[in-house]
Amino acid sequence: MKRGGSISIWFFIGISLLLNGLLIFGAGVYELIHPPKVQVALFRLHSSIWWGAILAVIGAFYCIYYAPGKGRS
Amino acid sequence: MAFFDAQRLVHLSTVDLVIIVFYFALVLAIGFYLKGQANTGEDFFMAGREMTAWIAGLSFLSANLGSLELMGWAGASYQYGILAAHWYWIGAIPAMLFLALVMMPFYYISKTHSVPGYLKLRFGESSRTLSAISFAFMTVLMSGINMYSMALVLKIVLGWNINFSILISSITVAIYVALGGLRSAIFNEVLQFILIWAGALLIPILGLMETGGWNGLKARIATNASTEYTHLWSTLGKFSDNPMGIHWTGIVFGLGAIISMGYWTTDFLVVQRVLSAKDLRAAKMAPVIGAGFKMLVPFIVILPGLLGLALLDTKLVGETQAIATGGHSYNEVLPLMLARYCGPGLLGLGITALIAGFMSGMAGNVSAFTTVWTYDIYRALIKRDASDQHYVSMGRWSTIVGVAISIGTAYLVMDFKSIMDYVQALFSFFIAPLFATVLLGMLWKRATPAGGFWGLLAGTCSSVGMWALVKMDPAAIRYVALSPYARDMAENMYRALWSCLVSALVTVAVSLVTKPKPDAELKGLVYGVTEIPSENYVSTLHRPWFWAAVVGTIFVVLNVIFW
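Written out as structure tokens, the structure is:
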């Protein structure tokens, strides 16, 4: 949804997913290098790393595809 | 004011707090950005009627994901097993498809601003007034109850002070809805929908990996509880055979045919989102899209509850027992599962998902209240001929006043907790009778204004009467719910069924002895005298009925798989 040169809602969603994804990915990498003493269940899967990466990639796609000025809604 | 209490379920790291603060900053930024696009009444109250089917559909679903939806139903699935999924499948999908294909054309073609507005066009001012006042009153009260529930959750999970949580969340919602109106609420609801999935989806994925898939999960539940917890229909032959104390007739006729139909087709909180669609086809597609995603919600709500039953070492108990013993209640199963799997960052996103769910529900209540107050009460009863700008200004102020009343209700609930039960019961009084009135109004042109009004009033009064009867004499549940073994859930189902029937019977009886409106006045409002635009110009793949058939087929398959 957009109107008259305004920003698409999907762009906002892209920003949110990208930033959250990068933060989660970064936290996951930190935990990989410095494993915590108390670990969550299935820590060996390092879900922060791959889930963060997935969110960041989807977010980056939305940011680029729905960037302001591209006329997509 | 101390911001944190010592006791809390999870501990957040710096990165978690950054994610939560970023969420609040983004929703506020969206509100400020959209301020310039909410200048006319049509913009502020109806989002300019230019939403695509996807936006309207996701917003339609997201407005309902608030309240205690996420945590409450996860807790219910821990307590009652997969039976809780009925509220997502038979308790939603048929009603959403019915709204899309049967009722939406009349709502949309009539160009009404609200459901009470439709009643005005179809039955006259008295029906509108009755419906508008009850809706506005109930909506702000429900908003307050949701606000209190959210603050309580944040206190238990994060140790946040209740006053701090109420102020931060309510001020944020008030700002972005008052600035951007329905458009801002819808934008944020779509954002919140995505965040809810991003934050909660990892739990069922990791949970199923830990249990060894669905079969492994069933085996663990059979050991920890009973095999009944993983069957959707096969235990519903008798009231006493399932943990919910309910019979299949209550689920099918009470929940599927009446309560869900009433909620999804006449509760303006959700219908308002679809009315913002850019054209009739988008308005019909929006509930179909919503239904498609609604079928998936049990994956992030019901499944975590079942996983909790299979994996948690601690036995969860009811709220009262949890307070008395210092244990964990059913409603805490979702945060407990979050804490089980999510490290720094993921935990912040999961908590953001919970907060987003609560805020989208609150914004939904507030924006619906604002529209009904301004158009159906203020303009209809207090100031008829003011300018459009005046009503937009009233909309902004009523948003702030609505939030302020909600805060008051939140504190009222804090002191008198039994109010929560009463208000939720009160809310249900209006839904089932309203469905009968609106449906007869749309499909039967002989229904008269007097029939509509008296039917609505009689249905509501009968619902209140049955509720009061069981309150005064609990043994009376054998008459209302047809069994002495029936529990609260079953009572709600049957009360809805009877009150809907009373409303329909009185509407028909009164209509048959009173004068109907001429056909010319019913154009655009009633089946048979309304020309529904043809969809022959679009391909099958773009037609709402095609996707409704796809969603309907998947719905049937899911029920058979989990029978």
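If you read the sequences in order, they're chains B and H. Okay, so the first sequence: first residue is 2 according to the numbering used here, each after it adds one. Okay, so the second sequence: first residue is 731 according to the numbering used here, each after it adds one. Quick reminder that beta carbons are idealized off the backbone N, C-alpha and C, glycines included. A quick note: this is a predicted structure, and the numbers were derived from the prediction, not measured.
- Annotation for HIS47 of chain B: no alpha helix (DSSP H) segment contains it, and DSSP assigns it neither H nor E.
- Under the Cβ criterion of 8 angstroms, CYS1230 of chain H is not counted among the residues facing chain B.
- Here the alpha carbons of TYR838 of chain H and ASP1218 of chain H stand approximately 36 angstroms from one another.
- Under the 8 angstroms criterion on CB atoms, ILE14 of chain B is classed as interfacial with respect to chain H.
- Ranking H:LEU1242, H:VAL1256, H:VAL1122, H:ILE926 by CA distance to the CA of VAL1168 of chain H puts H:VAL1256 first.
- Among the residues facing chain H, ALA42 of chain B is included, as its CB has a counterpart in that chain under 8 angstroms away.
- Taking 8 angstroms as the threshold, the shortest C-beta distance from ILE10 of chain B to chain H falls below it.
- When Cβ pairs closer than 8 angstroms are counted between the two stretches, the stretch 903-918 of chain H is seen not to touch the stretch 1019-1039 of chain H, the count staying below three.
- Its chain contains PHE836, TYR837, SER840, THR842, VAL1168, GLY1171, LEU1255 as the residues whose beta carbon lies nearer than 8 angstroms to that of TYR848 of chain H, once the 5 sequence neighbours on both sides are disregarded; these appear in chain order.
- One finds LEU20 in chain B with Cβ atoms closer than 7 angstroms to the Cβ of PHE752 of chain H, taken in chain order.
- ALA862 of chain H and PHE1099 of chain H have their C-alpha atoms roughly 9 angstroms apart.
- Within the stretch 1060-1079 of chain H, the residues whose Cβ lies closer than 7 angstroms to any Cβ of chain B are, in chain order, ARG1070, TYR1071, CYS1072, GLY1073, PRO1074, GLY1075, LEU1076, LEU1079.
- Between the stretch 849-869 of chain H and the stretch 46-65 of chain B, the count of Cβ pairs shorter than 8 angstroms is below three; the stretches do not touch.
- Across the set H:GLY1094, H:ALA1110, H:ILE981, H:ILE933, the C-alpha of H:ILE933 shows the shortest separation from the C-alpha of LEU1068 of chain H.
- In this structure, PHE1165 of chain H sits away from VAL1194 of chain H, with a CB-CB distance that is not shorter than 8 angstroms.
- Between ILE65 of chain B and chain H, the shortest Cβ-Cβ separation is not below 8 angstroms.
- Judged by DSSP in its simplified three-state form, ALA1177 of chain H adopts coil rather than helix or strand.
- For the stretch 47-64 of chain B, the set of positions with a beta-carbon nearer than 7 angstroms to some beta-carbon of chain H reads SER48, SER49, TRP52, GLY53, LEU56 in chain order.
- The beta carbons of ALA1140 of chain H and ALA881 of chain H sit closer together than 8 angstroms.
- Runs of beta strand (DSSP E) with 3 or more residues, each lying fully within the stretch 836-904 of chain H, are absent.
- Of all residues in the stretch 979-999 of chain H, none is placed with a Cβ closer than 8 angstroms to any Cβ belonging to chain B.
- Going by C-alpha positions, ILE1291 of chain H is about 12 angstroms away from SER964 of chain H.
- Under DSSP, MET781 of chain H forms a beta bridge with H:ALA1007.
- In this structure, LEU831 of chain H lies near PRO1274 of chain H, with their beta-carbon atoms less than 8 angstroms apart.
- Using a Cβ-Cβ cut-off of 8 angstroms, LEU24 of chain B counts as an interface residue toward chain H, since at least one Cβ of chain H sits closer than that to its own.
- In this structure, the alpha-carbon of PRO69 of chain B lies about 12 angstroms from that of ILE16 of chain B.
- Residue contact check for LEU932 of chain H against chain B: a CB pair falls below 8 angstroms.
- If only complete runs of 4 or more residues are kept, the stretch 1223-1258 of chain H shows the alpha helix (DSSP H) at 1249-1252, in order along the chain.
- The DSSP-derived three-state label of SER1213 of chain H is coil.
- When Cβ-Cβ separations below 8 angstroms define contact, MET939 of chain H makes contact with chain B.
- Annotation: TYR1121 of chain H to GLY771 of chain H spans about 7 angstroms, alpha carbon to alpha carbon.
- For ILE1130 of chain H, the closest alpha carbon among the candidates H:ALA904, H:SER856, H:TRP803, H:LEU1042 is that of H:ALA904.
- In chain order, SER743, VAL745, ASP746, GLY1073, PRO1074, GLY1075, LEU1076, GLY1078 make up the part of chain H whose C-beta sits under 9 angstroms from the C-beta of ALA28 of chain B.
- ALA904 of chain H has a beta carbon lying at 8 angstroms or more from every beta carbon in chain B.
- Ranked by how close their Cα comes to the Cα of MET974 of chain H, the residues H:VAL1133, H:LEU925, H:ALA1220 have H:ALA1220 in first place.
- Leaving aside the five residues that flank PRO1028 of chain H on each side, the residues in its chain whose CB is nearer than 7 angstroms to its CB run, in chain order, ALA815, TYR818.
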